[in-house]
Ligand SMILES: [Zn+2]
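In this note's numbering, the protein residues as written are -15 to 60.
What follows is the structure, given as structure tokens:
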């Protein structure tokens, strides 16, 4: 009869997959969340941009040299 062998095969496959997943989860480095880049706001146009692309002056951030020249502008 093939049914007991099929059941055994199913159990073995299930066990194999469980072991494989267990092994994989151990060997793979834990999913590290992407380092969220701190966003800053341009003091002139209020555009949000990553800190490394912004220009800082007098504790204010600007999106471009042009806006740095214009200086901070209050939101109406
Ligand atoms: Zn700007």
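Glycine included, each C-beta is placed from N, C-alpha and C at the ideal position.
Residue 45 and residue 29 do not touch by the CB rule: their CB atoms are close to 11 Å apart, not below 8 Å. Taking non-hydrogen atoms of ligand 1 into account, the C-beta of residue 51 is found less than 7 Å away from one of them. Straight-line spacing of the CA atoms in residue 49 and residue 34 works out to 15 Å. Around the CB of residue -1, fewer than 16 other CB atoms lie within 10 Å, so the residue is classed as exposed. Collapsing the DSSP output to three states places residue 54 in a helix.
A residue is called buried when at least 16 other Cβ atoms come within 10 angstroms of its Cβ; residue 51 meets this threshold and is buried.
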